[in-house]
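Numbering (mature numbering (1 follows the signal peptide of the UniProt record, and there is no 0)), first residue to last: -20 to -1, 1 to 933.
Structure representation (structure tokens):
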């Protein structure tokens, strides 16, 4: 009893302390593991529960002391989940999810319950990805890079694993603890892989594969085990075999000699880089050709492999080597006897299916292991496709044969997951062997073995039945007599709801005058009851609370045959597949699926508006005890309404005093949220949930855009204005602060006056704001004597008395650099710089040029020629009273081309700083002599006329 009390306390303390780990996997992979390890105490009556989000009332997987309890499992996960059979002993509660698809993405929670209490152990955010990177390279290349990048500066505990996803668990390369861990590396990649140094700092986890061959083509997965996250990156590598040079020569010769088409056809497979063979599923066998005109030694070894490096067939020392063969191909392959004598190494593969679609390589080795010959054959097995629309009563999967079958033959239909769809043996259907998903839904012809018609009828097909089905006939001894595949595709009707529409209809029309005792049931993909009609009336008590008061079917639906469902106030949460089933006496009369897609509501506003509305309208007269929550990405609480009033104490502090909901929201059904003073940081995914006797859900994507005004001026103007206007009423105690991109304070206005003592020395005596700025809302800043050094992004920030940011607005300023251009030979040139008057007497003024040469120095009231570079001595001059007038222009005498460059003026004191840049270009002059011998001067950079030699004879 004491242990149980401790367990309950732990549940209460840690129920919401877990953070979601991220697990990524690609769609199409065989399975994904959702990890959940526990080290604490578990009572004997503990049950492990895996759930998805708050939306799914039924578990994804449930395991107790007696094993798995999957009676209430959500339909979406049936036959696809499993746990360690000793999970409650080892405390490894990890869940394996097979054949993950995009719809499986979401937040999964692993919990343990005991004695009526529940503890949340771990949350997993599962991402099912479908994008991939394709890399192509020619065979014979020295190496190829398979890219994989993540965020830089990852922890030293990070582990990286490169695998071939199309070859099961083949490890290509592994990195762990700052060193290459190659112990588990497959021998095919030994000494051929390399990862970057310093990869933890850069986040570049790319793999270099040396000497790639055609056999390296395939799907590679880069898996990153970072902290609790498992991230994946898929790369598809295609290594192209170059066209053999001898084959090119032979082709040219054949064309030039106009060799007959028959001869060319006879030899074409000798020089084709990849010979293609295409067959239909159901043929007894297929031949993969491989011939050579060369004489092969008797001790040669012949090896057939597929691109996954599986051994298909081995011939050595005059006989086949079945013990080396892959299990999948056992007793299915055959090659000619005495094959080395005529040079025919072709392989016969029996009963090919779509799983045999692959590229096969025939390699001949000498006794020493050297490759004597290598040839590729691409096999494609076509599967017959049957396509129907959801709602048809039955679909036929055809399979016929002319071969006479024995009476004791066994006929077996299976799906791609190897689940038995239908079994016929000893003259009867073997229904007890059938998988539960197909019970009462399949039928085969009578006397099927005599007629050879092994076709399967599947009743009430839905999109869940979309799959590849295989019909196999076995002899009494278990040998395969026939195998054929059929691909079934069931298309559902698609309905797109108009955004924020009041209702949407899910159509289902059939023949009229249905029996009065039928039951019509609409369910969603999670098996929740959307609407039930039975015994002449709606059965609202059976309806899931997500759909309460939101559904409606037509009157006289049985007479008219219109079983369509109207769903009111659809939101993105309603995007899913809905199934309508008509029952009579427990038997299914008909079934139809409709796929509904509702777009996510998106709201876009400019930063600076007074408020923004996140809309959500649902049914009126919601229960009085309903709780309404608005949250944003990251699970921050934006607004809470319960017990008839707002609950500001439950809000995140960022949203306090900034949100508002309508009065009588439960009565009107208008759950829209008003967010005041939105900024760029408010952008995100907002979710509204309503809890209680009914549930409601909606998502709104908010994007707050910042349109940054751009101001561009020339250096040398007297002032520039950085605009900032606020329409909202501003309180008198608000603080206005202008900052630059380096967070230096430019100007501060507080308590009715400017606060110059807080101003950065670069901006002292250079800024000005309007009077009555809080009343007018005009917070624009005037910046005097702007130079190129003032090019920056400036931000105006409004703070409340408590220091909270009320508003932010940015302005980009670009001040063009002052440019001066003169011709060589002028007496002097002025480099202009005008700034504020009455600079401090202790100011030091320096003019420098690129390369840090000192051009001119003024300090302590006079010029300092001894600090000048020698090439400028006696050539520079500044104005008298420069500190008083603020005119810091420099006069440079007798400028030459060598004086061209970037001149910088820097003024520094303890109180103020000033900066300016001037680009000086001194253009040279050239002499040009025309044909009459006159000399004329021109600037070489202006007149484009070319210089000409003297043409007189």
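The beta carbon of each residue, even a glycine, is placed where N, CA and C say it ideally should be. None of the values given here were measured: they were computed from a predicted structure.
Residue 851 sits in a helix when the DSSP states are folded into three classes.
The beta carbon of residue 114 is closer than 6 Å to those of 216 in its chain, skipping five residues each way along the sequence. Cβ neighbours of residue 268 within its own chain (closer than 7 Å, five residues either side excluded): 257, 326, 327, 329, 340, 357, 359. The continuous beta strand (DSSP E) containing residue 1 extends over residues -1 to 6. Scanning the segment 641 to 728 from its first residue to its last, the whole alpha helix (DSSP H) runs of 4-plus residues come out as 645 to 648. The alpha-carbon separation between residue 198 and residue 572 amounts to approximately 39 Å. Here the C-alpha atom of residue 428 lies approximately 41 Å from the C-alpha atom of residue 475. Beta-bridge annotation (DSSP): residue 526 is not paired with any residue.
Membership of residue 291 in any alpha helix (DSSP H) is not indicated; the residue belongs instead to the beta strand (DSSP E) covering 291 to 296. Cβ atoms of residue 692 and residue 794 come within 8 Å of each other, at about 5 Å.
The criterion of a C-beta distance shorter than 9 Å is satisfied by residue 680 and residue 583. Going by DSSP, residue 627 is part of no alpha helix (DSSP H) at all; its letter is neither H nor E.
Cβ-Cβ separation between residue 75 and residue 22: approximately 17 Å, too far for a contact (criterion under 8 Å). According to DSSP, residue pairing for residue 584 in a beta bridge involves 683.
The residue from 522, 2, 600 with its alpha-carbon nearest to that of residue 482 is 600. Cβ neighbours of residue 368 within its own chain (closer than 7 Å, five residues either side excluded): 375, 441, 470.
Residue pairing of residue 354 in beta bridges, as defined by DSSP: 343. Under the three-pair Cβ rule at 8 Å, the segment 596 to 610 does not count as touching the segment 533 to 542. As DSSP reads the structure, residue 836 sits in a beta bridge with 827. Under the three-state reduction of DSSP output, residue 308 falls in the helix class. Listed in chain order, the non-local C-beta contacts of residue 642 below 6 Å within the same chain comprise 650, local neighbours out to five positions each way being set aside. Inside the segment 356 to 406, DSSP marks whole beta strand (DSSP E) runs of 3 or more residues at positions 364 to 369, 374 to 377, 390 to 394, 400 to 405, from first to last along the chain. Counting every other CB atom within 10 Å of its CB across the protein chains shown gives residue 392 a total of 16 or more, marking it as buried. Residues of the same chain with a CB within less than 6 Å of the CB of residue 301, apart from the 5 flanking positions on each side, are 294 in chain order.
In this structure, residue 696 and residue 798 form a Cβ contact; the two beta carbons are roughly 6 Å apart against a cut-off of 8 Å. Here residue 430 is exposed: its Cβ has fewer than 16 other Cβ atoms, across all protein chains shown, within 10 Å.
Distance check between residue 768 and each of 669, 727, 500, 899 places 899 closest, using alpha-carbon atoms only. In this structure, residue 90 lies away from residue 134, with their beta-carbon atoms at least 9 Å apart.
Considering only 885, 104, 180, 773, the residue with the shortest C-alpha distance to residue 837 is 885. Rounded to the nearest whole angstrom, the C-alpha separation of residue 655 and residue 619 is 10 Å. Within 10 angstroms of the beta-carbon of residue 24 lie fewer than 16 other beta-carbons, which makes it exposed.
Taking one beta carbon from each stretch, the segment 866 to 875 and the segment 779 to 790 have fewer than 3 pairs nearer than 8 Å; the two do not touch. Here the segment 178 to 191 lies against the segment 117 to 125, with 3 or more beta-carbon pairs under 8 Å apart. In the three-state reduction of the DSSP assignment, residue 862 falls in the helix class, which pools H, G and I.
Look at the segment 66 to 104 and you find these whole runs of alpha helix (DSSP H), each 4 residues long or longer: 67 to 70.
Take the alpha-carbon of residue 154 and the one of residue 109: they are about 22 Å apart.
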